[in-house]
Structure formats: structure tokens, C-alpha cells
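Participant:
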Amino acid sequence: MLGLTRGAMEVYGKPARYAPGRVGVEFARHAVWFSITGVGAMIAFLCVPVVIPEEYVLVALGIATVAFVRPFTESGVCITLLLTRLPYSGGWLYAADLAGAALGCLGVIFVLLVVDPVSATLGIGAFAAAAGWIVVRDSGDIRSLRLSSAVALTLAAAAVVHTGLDISGKSHLGVFWAKGTKQMGTLFERWNTYSRVRVMALGESEPFGWGFAHTPEIKIRPEHPRYRRGCEHGHHPARW
327 MLGLTRGAME
337 VYGKPARYAP
347 GRVGVEFARH
357 AVWFSITGVG
367 AMIAFLCVPV
377 VIPEEYVLVA
387 LGIATVAFVR
397 PFTESGVCIT
407 LLLTRLPYSG
417 GWLYAADLAG
427 AALGCLGVIF
437 VLLVVDPVSA
447 TLGIGAFAAA
457 AGWIVVRDSG
467 DIRSLRLSSA
477 VALTLAAAAV
487 VHTGLDISGK
497 SHLGVFWAKG
507 TKQMGTLFER
517 WNTYSRVRVM
527 ALGESEPFGW
537 GFAHTPEIKI
547 RPEHPRYRRG
557 CEHGHHPARW
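Heads up: take any position in the sequence shown, counting from 1, add 326, and you land on the working numbering.
1. Can you find a C-beta in chain D that's less than 8 Å from the C-beta of residue 447?
2. With a Cβ-Cβ cutoff of 8 Å, do residue 360 and residue 404 count as a contact?
3. What would DSSP say about residue 526, mapped onto helix, strand or coil?
4. Taking residue 458 as the reference, which of 468, 474, 449, 451 has the closest Cα?
5. Looking at residue 333: is its Cβ nearer than 8 Å to the Cβ of residue 447?
6. Please report the distance separating the alpha-carbon of residue 394 from that of residue 463.
7. Which same chain residues end up closer than 6 Å to residue 330 when comparing Cβ atoms and leaving out the 5 residues on each side of it in sequence?
8. Starting from residue 448 and walking both ways along the alpha helix (DSSP H), at which residues does that stretch end?
9. What do you reckon, are the CB atoms on residue 512 and residue 522 nearer than 8 Å?
10. For residue 515, write down the residues that DSSP places opposite it in a beta bridge.
11. Using only CA atoms, which one of 343, 451, 492 lies nearest to residue 478?
12. Under a three-way DSSP split, which group does residue 504 fall into?
13. Does the stretch 478-492 come within contact of the stretch 431-445, defined as at least 3 CB pairs closer than 8 Å?
14. Relative to the C-alpha of residue 504, which residue among 351, 379, 424 is closest?
15. Note down, in chain order, each residue of its chain lying with its Cβ closer than 7 Å to the Cβ of residue 455, except the 5 sequence neighbours on either side.
16. Measure the CB-CB distance between residue 508 and residue 514 and report whether it falls below 8 Å.
17. Please state if the CB of residue 352 and the CB of residue 408 are separated by a distance shorter than 8 Å.
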């Protein structure tokens with residue numbers, strides 16, 4: 327799954343490096359790399375379509391896919407370390423793993439009601455780095471401890487700043503190119519777990535949508551008779 331198995335194979339292929347006594351240090355390091363590469367993959371996914379011309383869309387998709395391999399690999403190492411190298415009952419660890427996944431699936435629904443996906447990704451990166459700091463804080467490895475704390479604080483600050491920019495409507499990192507067109511004139515944007523809802527001003531061009539049975543030929547304009555009749559009867563044009 328884009329690198330999860332690759333991460334597990336790395337743990338089993340290097341038993342000396344990932345010995346039980348080094349679980350904390352290695353987990354912290356890979357958690358930090360998961361945070362950094364996860365944010366990097368998100369930025370690549372958003373910016374590559376803007377940089378690469380539309381006719382090379384397959385190249386853009388290839389670059390974005392490769393960018394996601396690294397964070398998945400890092401997370402695979404972390405999961406494998408927790409499930410196979412800690413001196414705890416496997417049943418309890420697996421139960422905690424499933425409970426965390428379930429809470430994450432439910433939590434993302436409410437998180438996206440408050441912040442945008444970019445801020446949420448930055449926050450998840452900060453949370454992962456902070457988890458590494460908690461694991462390594464008593465190990466005596468000052469380098470890993472400082473790295474984890476620096477990345478966690480930096481990403482947390484970035485998440486707060488980006489959330490403020492998004493709420494205030496100022497320029498921020500987001501989707502600027504989608505489905506072959508530049509995203510301009512967005513009045514409202516909201517994400518959920520499977521789609522992005524975008525509202526634009528009422529234009530004077532032909533209606534456009536995906537999956538129409540035929541191409542509409544009527545232009546909707548404020549002076550259109552149907553528009554005036556709808557307004558006279560109290561019907562908002564967006565409802566018909």
C-alpha cells in the first residue's frame with residue numbers, strides 16, 4: 327500500500343538496527359521523517375499540477391504518487407516497530423492500533439468542519455513528531471529529542487498560521503488547479519472525507535458539469551426571463 331509493506335520489510339531486514347533496545351530512538355526518527363515527508367507530499371500534490379503543463383498530466387500524477395511513497399514507508403516502519411518490538415501483549419497493541427484507526431476515521435470528519443485539509447495535514451505532522459518526542463524523552467538521545475521537538479513545534483506553528491490565513495480569506499496553500507482549469511473566483515470552499523465543495527459567483531457562461539447527458543446550450547443571465555420569473559415568485563435562482 328504505497329510503501330507500508332516496504333517499511334515493514336526494512337524493520338525485518340535490519341534486525342540489529344531495529345533491536346528492542348532501540349525502538350524508542352528509531353521510532354522517533356521515523357516519526358519525524360513521516361511528518362516532514364507527509365507535508366512534502368501534500369505540497370507536491372498541490373503544486374505539481376500548477377508547474378507541469380496540462381498535456382503532461384501523467385507525469386504530474388507520477389511525481390505526486392512517488393512523493394507519497396516515502397511517508398507511507400516511514401509510517402510502515404513506525405507501525406511495525408510498535409507491533410513487533412515492544413514488550414507488551416500483542417492483543418492489547420493491536421486493539422490500540424484498531425481503536426486509533428477508528429478514532430482517526432471519525433475524527434477527520436469533525437476536523438474538516440473546523441480547518442482546511444492543509445492545516446489538518448500540518449497538525450497531523452506535528453502530532454506524529456510529538457509522539458516521537460514522548461517515546462524518546464527518557465532514552466537519553468538528545469539529538470532525537472531535539473529533532474522531534476523542533477519539528478513538532480514548527481509544524482504546529484505552521485498549522486496555526488495557515489488556519490488563520492484560511493479563516494481570514496487571505497492567500498494560502500490550497501487547490502489552485504483542478505480538472506484542467508485554474509481555480510479562480512472561489513467564494514466558499516469546504517472539504518469532507520471524499521470530496522471538495524466549491525462555490526463561485528453566478529456567471530454568464532453556459533452551465534458546466536461532469537456527467538451531463540448533453541451539453542447545455544442556454545446561458546443563464548440575470549436578465550433571462552426565467553430568472554426574473556423565479557425572483558418575482560420568491561424562488562432563488564440557485565434552487566432551479
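Using N, Cα and C, we set each Cβ at its ideal position, and we do this for glycine too.
Facilitator: According to the structure data:
1. Included in the structure is just one protein chain, with no chain D present.
2. As a working mapping, residue 360 is identified with position 34 in the sequence shown. As a working mapping, residue 404 is identified with position 78 in the sequence shown. For residue 360 and residue 404, yes; Cβs fall inside 8 Å.
3. Your numbering for residue 526 matches position 200 in the sequence shown. In the structure shown, the three-state DSSP call for residue 526 is strand.
4. Position 132 of the sequence shown holds residue 458. Taking only the C-alpha atoms, the option nearest residue 458 is 474.
5. Walking along the sequence shown from the start, residue 333 turns up at place 7. Walking along the sequence shown from the start, residue 447 turns up at place 121. Contact flag unset, no.
6. Residue numbering aside, residue 394 sits at position 68 when the sequence shown is read from its first letter. Residue numbering aside, residue 463 sits at position 137 when the sequence shown is read from its first letter. Distance between residue 394 and residue 463, taken at the CA atoms: about 29 Å.
7. Here the question's residue 330 lines up with position 4 in the sequence shown. Excluding sequence neighbours, residue 330 sits near 398, 402.
8. As a position in the sequence shown, residue 448 is number 122, starting the count at 1. 443-462 is the extent of the alpha helix (DSSP H) around residue 448.
9. Start at 1 with the first residue of the sequence shown, and residue 512 comes out as number 186. Start at 1 with the first residue of the sequence shown, and residue 522 comes out as number 196. Contact flag unset, no.
10. Here residue 515 is taken as the residue at index 189 of the sequence shown, counted from 1. Its beta-bridge partners are 524.
11. For the purposes of this step, residue 478 is identified with residue 152 of the sequence shown, where counting begins at 1. Cα-wise, what sits closest to residue 478 is 451.
12. By one-based count along the sequence shown, residue 504 stands at place 178. Note: residue 504 maps to strand in three-state DSSP.
13. Yes, the stretch 478-492 is in contact with the stretch 431-445.
14. Within the sequence shown, residue 504 is the residue found at index 178, counting from 1. The option with the nearest alpha carbon to residue 504 is 379.
15. For the purposes of this step, residue 455 is taken as residue 129 along the sequence shown, with counting starting at 1. So the list reads 357, 358, 361, 474, 477, 478, 481, once near-sequence residues are dropped.
16. The residue you call residue 508 lines up with position 182 of the sequence shown. The residue you call residue 514 lines up with position 188 of the sequence shown. Not closer than 8 Å, so no.
17. Within the sequence shown, residue 408 is the residue found at index 82, counting from 1. Within the sequence shown, residue 352 is the residue found at index 26, counting from 1. No, the Cβ-Cβ distance between residue 408 and residue 352 is not below 8 Å.
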